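> To start, I am sharing the structure in question, which I have written as structure tokens.
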Amino acid sequence: MKNKNDNFKEKFLNYSPDEFPNGALVTNDSRIIVYVNSYFTTELLWKVDDIVGKNIDVLLTKPSCIFFQSYIIPTLSHEKMCQEMQLTTFNARGIRIPITVNAAVGEDGYVYWSFFNSSKRDQLYDELIKARERLIETTDELKLLASIDELTGLLNRREMKYQSNLALKDVPSEQHLAGLLILDIDHFKKINDTYGHLEGDRVLKKLGQLLISQSEKTDLVSRFGGEEFLIFRPNTNRDDMLLFCKKLHVLMADIVVGTISLKGSIGVSFFSERMTFDDVFTQADSALYNAKELGRNRTEIYSNN
Numbered sequence: 004m005k006n007k008n009d010n011f012k013e014k015f016l017n018y019s020p021d022e023f024p025n026g027a028l029v030t031n032d033s034r035i036i037v038y039v040n041s042y043f044t045t046e047l048l049w050k051v052d053d054i055v056g057k058n059i060d061v062l063l064t065k066p067s068c069i070f071f072q073s074y075i076i077p078t079l080s081h082e083k084m085c086q087e088m089q090l091t092t093f094n095a096r097g098i099r100i101p102i103t104v105n106a107a108v109g110e111d112g113y114v115y116w117s118f119f120n121s122s123k124r125d126q127l128y129d130e131l132i133k134a135r136e137r138l139i140e141t142t143d144e145l146k147l148l149a150s151i152d153e154l155t156g157l158l159n160r161r162e163m164k165y166q167s168n169l170a171l172k173d174v175p176s177e178q179h180l181a182g183l184l185i186l187d188i189d190h191f192k193k194i195n196d197t198y199g200h201l202e203g204d205r206v207l208k209k210l211g212q213l214l215i216s217q218s219e220k221t222d223l224v225s226r227f228g229g230e231e232f233l234i235f236r237p238n239t240n241r242d243d244m245l246l247f248c249k250k251l252h253v254l255m256a257d258i259v260v261g262t263i264s265l266k267g268s269i270g271v272s273f274f275s276e277r278m279t280f281d282d283v284f285t286q287a288d289s290a291l292y293n294a295k296e297l298g299r300n301r302t303e304i305y306s307n308n
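Residue 4 is where the sequence shown starts when you use the numbering used here, and the numbers rise one by one after that.
If you want it as structure tokens, here you go:
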């Protein structure tokens with residue numbers, strides 16, 4: 004009694020290559036085509052007599068012929084087979100069609116080829132590449148949105164802490180040439196209450212632009228929250244920082260709200276060895292508190308005393 008596998012084998016042996024959904028082609032040892040299945044007629048529009056007896060090169064584009072001769076033929080000679088080779092063929096109307104080729108050398112010396120149309124696969128590959136590019140662009144945009152303050156375009160709180168801690172690794176600890184200043188707009192609530200939040204937003208934007216314009220390329224400038232701005236300066240010292248803050252006080256006065264010039268209080272601290280961003284921020288915040296207690300519109304540097 005025949006089993007299920009025997010029935011399948013008997014049925015399979017009755018199939019012809021013409022029933023396969025791909026191109027089947029046989030060449031002799033001179034690369035002359037001796038057989039093609041019906042795929043070449045139905046899908047590639049070739050008449051059998053136009054290609055049987057011809058060199059297989061007639062089916063391929065010039066670059067594919069070069070690859071065929073320089074790589075596929077030597078591979079077949081040494082390994083007796085090649086798999087998943089990408090070539091480009093012509094159909095009978097001269098239209099280029101990308102194909103995937105598999106081949107094996109039979110015991111009779113003939114080479115048995117299978118051709119698969121890879122147009123859709125190439126299209127899918129292109130679509131995947133484009134999708135990947137869009138994903139990268141979207142990721143970059145989301146990363147930017149996650150790191151930038153929407154109103155001022157400055158670094159936000161999270162990104163300021165992250166980048167400052169990274170920058171601290173490059174600061175020579177023995178020189179302590181890194182400082183942090185916190186600038187807080189004096190009586191900002193009064194501006195919002197008197198002139199409205201749109202005017203308050205205008206002031207924040209103008210101050211953000213001012214801070215960027217006066218900072219060095221290596222500085223990190225952030226709107227840390229509300230009316231509070233931070234500047235991390237990796238290359239500075241006490242005298243330079245005081246001059247910088249003095250300039251900010253002068254230039255802030257050019258931002259006018261109603262009939263009053265903008266004013267702000269500044270607290271400053273300097274990094275020392277093994278200090279983190281949070282450590283120096285706490286110190287600068289303490290100095291800012293002192294500046295407000297001493298009358299506002301001034302700069303104070305943190306001191307242990």
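By construction, the Cβ of each residue, glycine as well, lies at the ideal position given by its N, Cα and C atoms. Everything numeric in this text was worked out from a predicted model, so none of it was measured.
From what residue to what residue does the alpha helix (DSSP H) around residue 77 run?
Here the question's residue 77 lines up with position 74 in the sequence shown. Its alpha helix (DSSP H) spans residues 76 to 82.
> Thinking just about the alpha-carbon of each residue, which of 94, 77, 95 is nearest to the one in residue 106?
As a working mapping, residue 106 is identified with position 103 in the sequence shown. When only C-alpha atoms are compared, the closest one is 77.
> Enumerate, from N- to C-terminal direction, the unbroken alpha helix (DSSP H) stretches of 4 or more residues contained entirely within the stretch 23 to 80.
42 to 45, 51 to 54, 65 to 70, all fully within the stretch 23 to 80.
> On a CA-only basis, which of 166, 185, 259 is nearest residue 229? Give me that one, please.
Here residue 229 is taken as the residue at index 226 of the sequence shown, counted from 1. The shortest Cα separation from residue 229 among 166, 185, 259 belongs to 185.
> With residue 153 as the anchor, note down where its alpha helix (DSSP H) starts and where it stops.
In the sequence shown, residue 153 corresponds to position 150, counting from 1. Per DSSP, residue 153 belongs to no alpha helix (DSSP H) and is neither H nor E.
> Scan the stretch 233 to 294 and note each continuous alpha helix (DSSP H) run of 4 residues or more that stays entirely inside, going in chain order.
As far as the stretch 233 to 294 is concerned, its whole alpha helix (DSSP H) runs of at least 4 residues are 241 to 255.
> CA-CA distance, residue 233 and residue 198?
Taking the sequence shown and counting its residues from 1, the one referred to as residue 233 is at position 230. Taking the sequence shown and counting its residues from 1, the one referred to as residue 198 is at position 195. Rounded to the nearest angstrom, the two C-alpha atoms are 25 Å apart.
> Here's the rule I'm using: 16 or more other beta-carbon atoms within 10 Å means buried, otherwise exposed. How should residue 268 be labelled?
By one-based count along the sequence shown, residue 268 stands at place 265. By the 10 Å Cβ count, residue 268 comes out buried.
> Go ahead and label residue 73 buried or exposed: buried means 16 or more other beta carbons lie within 10 angstroms of its beta carbon, across all protein chains shown.
On the sequence shown, position 70 is the one that residue 73 refers to. It is exposed - the Cβ of residue 73 has fewer than 16 other Cβ atoms within 10 Å.
> Label residue 149 either buried or exposed according to how many other C-beta atoms from any shown protein chain fall within 10 Å of its C-beta, with 16 as the threshold for buried.
Sequence index remark: in the sequence shown, residue 149 carries index 146 (1-based). Looking at its Cβ environment, which holds fewer than 16 other Cβ atoms inside 10 Å, residue 149 is exposed.
> From the DSSP output, which residues share a beta bridge with residue 303?
Taking the first residue of the sequence shown as position 1, residue 303 is located at position 300. Bridge partners of residue 303: 270.
> Can you tell me whether residue 207 is buried or exposed, with buried defined as 16 or more other CB within 10 angstroms of its CB?
Taking the first residue of the sequence shown as position 1, residue 207 is located at position 204. Looking at its Cβ environment, which holds 16 or more other Cβ atoms inside 10 Å, residue 207 is buried.
> Considering only DSSP beta bridges, list what residue 103 is partnered with.
Sequence index remark: in the sequence shown, residue 103 carries index 100 (1-based). The partner list for residue 103 (beta bridge, DSSP) reads 89, 119.
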